[in-house]
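Here my numbering = 1-based position in the sequence shown + 6. Glycine residues also receive a C-beta, built at the ideal position from the N, C-alpha and C atoms.
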Amino acid sequence: MQDSLTEAQRAHAKMVVTLTETMRENTLLTTDRDMWKTRAQRYELREEEREAQTLEIGGLAGAITEDEANAIRKAMARLHHPDLGGNSDRMKAWNAALDKFSK
């Protein structure tokens with residue numbers, strides 16, 4: 007009887023240690039995930055700003071014809087269209103930037 011009680015206490019202590027370690031690792035992983043997610047979101051915002059600014063700052067404002075804008079739109083759709091696994095926000099940004107050149 008004493009042996010089974012001692013064994014149960016050891017099993018309980020080991021389970022507590024294991025759960026504590028698992029919770030600590032989970033907390034670290036969650037923190038890392040959130041950090042990388044925030045960095046990725048900041049990077050995406052900077053990319054979208056760069057893409058939008060490229061059309062304006064790059065001197066393209068008056069240099070692109072409507073046909074060229076449509077060709078760019080098709081190329082960007084192949085890369086960023088959500089139906090093809092792309093980023094819908096990025097596609098919206100390209101469409102908004104290219105709408106300035108359409109009549």
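Starting from residue i, trace the alpha helix (DSSP H) in both directions and tell me its first and last residue.
i	result
M97	S94 to D105
H86	E72 to H86
If you draw a straight line from the C-alpha of residue i to the C-alpha of residue j, how long is it?
i	j	result
K43	A103	26 Å
T36	L25	16 Å
T28	I70	57 Å
D9	V22	20 Å
T12	R30	27 Å
G64	L34	Low confidence applies here, because G64 scores a pLDDT of 46, under 50, leaving its location unreliable and the question unanswered by this model.
D105	N32	46 Å
D40	K20	30 Å
R45	L51	10 Å
G91	W100	16 Å
T80	Y49	Residue identity check: residue 80 is Lys in the sequence provided, not Thr. Each residue's alpha carbon lies about 24 Å from the other.
R84	A17	58 Å
D73	H86	20 Å
I'd like to confirm something about residue i: is its beta-carbon nearer than 8 Å to some heavy atom of the ligand HEM, or not?
i	result
M21	As far as ligands go, the structure on display features none, and thus does not contain the ligand HEM.
Rounded C-beta distance between residue i and residue j? I'm assuming under 8 Å.
i	j	result
M97	P88	7 Å
F107	A77	With 8 Å as the limit, F107 and A77 do not qualify as a contact, their Cβ atoms being about 11 Å apart.
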